[in-house]
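S.K.: This structure is in structure tokens; I'll ask about it shortly.
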């Protein structure tokens with residue numbers, strides 16, 4: 520029932536919302552990726568970089584240098600007043616992806632819990648394979 524009205528409960532809310540957000544180029548890229556052969560490192564990276572395969576590995580990305588006291592901090596001015604802005608809800612699948620991303624980056628110490636009252640907006644762009 521692909522022509523079911525939005526009030527119909529035949530499709531999940533998540534599916535309806537993702538359907539209207541997809542562009543034709545996303546749909547074409549997903550269809551191509553579904554039929555494409557998986558690429559290996561040597562096919563994706565220029566020949567002169569093949570000696571550095573270990574630099575491109577996920578294992579090397581998960582280990583960072585030791586944190587130092589002066590790595591990064593933003594000191595706010597004493598008279599700074601936070602401003603209010605609208606909050607928008609994420610789809611359940613987006614929230615799961617965000618939680619997994621934050622947990623992975625917290626575990627590897629790429630990020631640390633913030634003490635700030637401010638937050639930053641996020642958005643998702645689907646990959647060719649349909650994942651977020």
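Residue numbers (the working numbering): 520 to 651. For every residue, glycine included, the Cβ atom is placed at its ideal position computed from N, Cα and C.
1. If you check the beta carbons only, do residue 637 and residue 601 fall under 8 Å apart?
2. Measuring CA to CA, which of 605, 604 and 651 is closest to residue 618?
3. Along the chain, where does the alpha helix (DSSP H) containing residue 562 start, and where does it finish?
4. Could you tell me the distance, in whole angstroms, from the CA atom of residue 610 to the CA atom of residue 631?
5. My output table needs one value for residue 605: the three-state DSSP class, helix, strand or coil.
6. Suppose contacts are defined by Cβ-Cβ distances below 8 Å. Is residue 643 in contact with residue 616 by that definition?
7. Is residue 612 helix, strand or coil when you go by DSSP?
8. Which residue marks the beginning of the alpha helix (DSSP H) containing residue 573, and which one marks its end?
9. To the nearest angstrom, how far is the alpha carbon of residue 568 from that of residue 645?
M.R.: Checking against the coordinates, here is how it stands:
1. For the purposes of this step, residue 637 is taken as the residue at position 118 of the chain shown. For the purposes of this step, residue 601 is taken as the residue at position 82 of the chain shown. In this structure, residue 601 lies closer than 8 Å to residue 637 by Cβ.
2. Along the chain shown, read from residue 1 onward, the residue named residue 618 stands at position 99. Nearest C-alpha to residue 618: 651.
3. In the chain shown, counting from the first residue as 1, residue 562 sits at position 43. Element bounds for residue 562: 560–563.
4. On the chain shown, residue 610 is found 91 positions in, with the first residue counted as 1. On the chain shown, residue 631 is found 112 positions in, with the first residue counted as 1. Answer to the nearest angstrom: the Cα atoms are 25 Å apart.
5. The residue given as residue 605 occupies position 86 in the chain shown. Of the three classes helix, strand and coil, the one that applies to residue 605 here is coil, per DSSP.
6. If you number the chain shown from 1, residue 643 lands on position 124. If you number the chain shown from 1, residue 616 lands on position 97. Yes; because the gap between Cβ atoms is below 8 Å, this pair is in contact.
7. One-based indexing of the chain shown puts residue 612 at position 93. Correct three-state label for residue 612: helix.
8. The residue you call residue 573 lines up with position 54 of the chain shown. Element bounds for residue 573: 572–575.
9. For the purposes of this step, residue 568 is identified with residue 49 of the chain shown, where counting begins at 1. For the purposes of this step, residue 645 is identified with residue 126 of the chain shown, where counting begins at 1. Each residue's Cα considered, the two are about 28 Å apart.
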